[in-house]
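Data first, discussion second: the structure below is written as structure tokens.
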Amino acid sequence: MNERALQGLGPFATTESQSRALAYFEEIKQSSDGWKLCADAILQKRYDDDHIKFFCFQVLEHFIKAKYSTASQEDRQSIRNVLVTWLHMTAVSEVEEKMFIKNKVAQLMSLVFVQDYLGQWPTFYSDLLQMLQLGPKFIDMYLRILLAVDIEVVDRDIAHTPEETQRNTLLKDTMRVQCVPALVDSWYQILKTYESQNPELTCLCLEVIGAYVSWIDIGLIANERFIERMLHHLSVDVLRESACDCFCEIINKGMVCMEKVELIESVSSVLETAGVIPPDYDDDCDYLAKLSTLINDMGCTLISCWQRCTKEGATEDSAKILQAIQGKLVYMFSFLGHDDDDISLAVIDFARDYIGLLKQLGSSTASQHQYGTKDLFSVVMKKFEYDDSYNFDSQGEDEVMFLDYRKQLKVLFDNLAKLDREVVMTGVHSLLKTTLSQWKNIKFSKSELAIRMFYLLGEAIPPVQGSHFHADKDSLMNDCMRLLMSSGVSHHSHWAVTLQYFETVARYEKYFSVCQDQIPEALSSFLDERGIRHEKDTVRSRCAYLFGRFMKQLKGLVAPYAEDILQRIQGLLTINTPENGHQLMLTTDDQLFLYEAAGIIIISSTLPVERKQLLMNNLLSTTIDKFQAMYTRLHSETNEEKQLMCAEVINHAIACASRSSKAFHTQLTMKQSGLLECYVEALKVFLCALETPYQHHIIHSAVRQFLHRMIVCLEDAVLPFVPVAVDHLLKKGDVKDVQDFIPLINQIIAKFKKTIIPFLQEAFMPVVQHIFRVLSQPADELDTQAQRDKDSLQRSYFQFLQCIIANDVLEVISNQSPENFKEVLITVAQAAVDVKDPVAQKTCFNILKRLVEVWGGKNGMPPFREYTYEYVIPACFMAPLKETFDLTDAQTVFAINEISSVLKVVFTKEGTGFLQYLQQKYFPSISLPPDAAQAFCNAVSEMDPKIFKDYFKHFIEALRKT
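Position one of the sequence shown corresponds to residue 327 (my numbering), numbered consecutively onward.
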């Protein structure tokens, strides 16, 4: 063997030597005698290095997987001899092999087993059983081989072909007859012999039993000798987790319902008699989690059996199963309420299924059960509370796990609320009443818990007539909100409680429509040091968002407080410059929420129009003043970092102004509000930013977003500014600039349609030519991002044309000069054929279809009829005939369907002239036989469009094969 290459197998090998070793591995795998070299190295113990040994076994693995089935009998026997000899040598050797080596050999044995057991090696198991006398090392390998066989033959998580499934079934059937009883006896002897002297071996044996019990006769395991032995293991610290896992596998074995119930009851009785359940006080949480899983499996299985028996009408059996379930509930509740969350989580499926069972039983039967909704509710409440060790300021893995656990508890809570609305509502109300009356004197976690449970009611219990609160009746929900608002808990010193308070106030904003006298308190809590001025940034940030949402929902009701609110948040609307390490009170995103809220407050207020205008001008002047100051500074700065800082502040100032317009909508426009001039003036100022040569990507992005909003809000008042914006945005735009500009121009077209035609006719070719110019710029072939940007721009170009067509302003294209008109049309037809993106191809053919519908036919546009025959029709065949047109791709199927639609539309417009062109000119040019040509013409002229789509696809498939 190549010793130099083998040096690259260790973990400390250089990259070069690793590459050399990898190349050698491929070389020796492909060599006809490579596996023999490796087999010889194994038997001769030529290498002590574990990585070289593993390398040799990997070569054998490749041979077994790729060549063993067709190898000679001699070679197959050689492989078997190598593996058995290695097992023998390892068993008597003083050297302990590494785990990964042993697992690899076990896998190789399993690969040989599935190919040889039914034919050439029927003594596979008897040979192994005879070697058990070699001692613990061989027994360890024996058990690993059995596990590897289980993975190869039984494991349901591994996908198998029908042939493999049939083979595996035959293997199991043969094993049941020939060797399973002997294997079971060997397991018992291993457990009996090694339970005290070799716990690792005993645990491995229990794992094997758990794996095999799913498909062998349950009576071989669920009997006195095994159960007694396993019960003993449950009292041995190092064995009990494995024994518990094994019991779980026994419980989960597929069986007839009542046989399964009898098995569970038998195991349960034995565990109770032995004192395993209920467990004594035990601080081994890992073991208790395993025991909890066992109870969970018992409970879930019993409920599943009850559901089947009930469905089949087996009333007597169902009653027996209910009694069995009842007997497991005490354990389920005990584990569910355990202080350790892992133990609780292990039994949560049983709890969820039990709630479902109670729902199916109905109130009359469910009330007879020892445990019900109240008991579960109490446990869920207890477990929902934050533990003292929870780190709110630095969440690690434990904290994340607890939050995930809480999500599981929430599922139980929701299901309980669906099962018994009154119990849950009364429980939460009682908890809230008791807790909030003493929140200053109890742990913060209890206050947070009470408020959170009330918060969760909003999802768990559906509102009545669209709201949880109604003025005409005094409900528990109303009282809960009164308790929350009047308790003063919003002043709590722990920010987790404060944050949950705000979440709850924002969720139940409809309460304030019923109890408007509580609005001032809610507003004050949001606006002072409890909310957006809180010392904790997490609270400030979340409250900024929730306050904006609160204002949006209650805009009419907060109108009387408009000026007071604006005055109180004025200082927070100041746009600061992040310099000199100054810590900002709010992040830029937080400030955007406040600007949106301020806009809503002004627009929704009942103030006179003149006062609204003054307030809006004051709001926008904050952004305009900062914009102008930073814009001036931007052009005087020479330091690039400071230029970037200026650009980011400019971007944020424009974004704030843009966000303030969110309150306007189609039913309440700027013109109707009397605030149009405020935003027109802002637009005039911001548009000058398009002229800057510095950091233009950042600044242009903000201006574009502002224009998007103004197109929505200003309506036709924005039109005079569109030409200026378009001119500046395109003047020095690169691929990204132009691509980002297209959605803006599309929005303008969709918004104004015919009104925009005069401007669009002037701007159309400059826009198109600029796109062509950008696309034609050379790019580095290795620059994949640049190519993706170009592809994206090309798609945007076709979306631009599609928008013009969809909004019925086609004269924008037809009124261009003949040369430009034809150039644009040719780009569409050429791209329909050449572009590799099926989505873009579909768009191109959609454009062509619409153009044919509008301009095609004898009465259509003469230049376009010529274009139809010269470009459109050929494109419909050239595109799908290209090798890059993948007919197995879903998006490509959409494209070919669009092509078939184009051909149907052409026939509708052109009639027999189209068919004559195909038969006399186009089809002969591609050497299509006359009978096939005639068949196609019949299809396109006579078939329904849906049927023709399928025909056309098959037509293309046949044409591609010729």
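We put the beta carbon where it would ideally sit given N, CA and C, even for glycine. The structure displayed is predicted, hence computed values, not measured ones.
- Look at residue 793 here: in three-state DSSP terms it is strand.
- Taking residue 1000 as reference, the option from 1040, 1073, 1166 and 724 with the minimal CA-CA separation is 1040.
- Taking the Cβ atoms as the reference, residue 1029 lies roughly 24 Å from residue 1116, outside the contact range of under 8 Å.
- Assignment of residue 1254 by DSSP, reduced to helix, strand and coil, places it in the coil class.
- If you draw a straight line from the Cα of residue 1128 to the Cα of residue 1155, it is about 14 Å long.
- Cβ-Cβ distances below 7 Å link residue 566 to 559, 560 and 613 in the same chain, with the five nearest sequence neighbours on each side left out; the list follows chain order.
- Going by beta carbons, residue 662 and residue 745 fall outside the 9 Å limit.
- Secondary structure of residue 1002 (DSSP, three-state): helix.
- Under the three-state reduction of DSSP output, residue 860 falls in the coil class, being neither helix nor strand.
- Judged by their CB atoms, residue 941 and residue 1015 are not nearer to each other than the 9 Å cut-off.
- The Cβ atoms of residue 829 and residue 762 lie no closer than 9 Å to each other.
- Taking C-beta atoms as the reference points, residue 712 and residue 670 fail to come closer than 9 Å.
- Cβ neighbours of residue 751 within its own chain (closer than 6 Å, five residues either side excluded): 802.
- Under the three-pair Cβ rule at 8 Å, the stretch 851-871 counts as touching the stretch 911-921.
- In this structure, the alpha-carbon of residue 545 lies about 23 Å from that of residue 477.
- Taking residue 437 as reference, the option from 405, 1182, 359 and 352 with the minimal CA-CA separation is 405.
- For the 9 Å CB-CB criterion, residue 987 and residue 937 do not form a contact.
- Just so you know, the alpha carbons of residue 1112 and residue 1101 end up roughly 10 Å apart.
- Annotation: residue 932 is outside any alpha helix (DSSP H) and is labelled neither H nor E by DSSP.
- Close CB contacts of residue 725 within its chain, under the 7 Å cut and outside five residues either way in sequence, are with 716 and 717 (chain order).
- In terms of Cα proximity to residue 1241, the closest of 704, 1226 and 1263 is 1263.
- Unbroken alpha helix (DSSP H) stretches of 4 residues or longer found wholly inside the stretch 675-750: 699-710 and 723-745, given in chain order.
- Going by beta carbons, residue 481 and residue 532 fall outside the 9 Å limit.
- Contact annotation: residue 455 and residue 538 have beta-carbon atoms that are not nearer than 9 Å.
- Closest in alpha carbon position to residue 1196, among 1232, 1180 and 1222, is 1232.
- Secondary structure of residue 820 (DSSP, three-state): coil.
- Residue pairing by DSSP leaves residue 1119 without any beta bridge partner.
- Excluding the 5 residues flanking it on each side, residue 813 has same chain C-beta neighbours closer than 6 Å at 762, in chain order.
- Taking residue 626 as reference, the option from 633, 679 and 595 with the minimal CA-CA separation is 679.
- The DSSP assignment places 583-599 as complete runs of the alpha helix (DSSP H) inside the stretch 569-624, in order along the chain (cut-off: 4 residues).
- Shown here, residue 991 sits in a strand according to DSSP, grouped into three states.
- At the C-beta level, residue 1048 and residue 1074 come within 9 Å of one another.
- Taken in chain order, no unbroken stretch of beta strand (DSSP E) lies wholly in the stretch 1206-1239 with a span of 3 residues or more.
- Apart from sequence neighbours up to five positions away, the residues of its chain that approach residue 1161 with a beta-carbon distance below 6 Å are 1167, ordered along the chain.
- Within a 10 Å sphere around the beta-carbon of residue 1169 sit 16 or more other beta-carbons, which makes this residue buried.
- The three-state secondary structure of residue 446, taken from DSSP, is coil.
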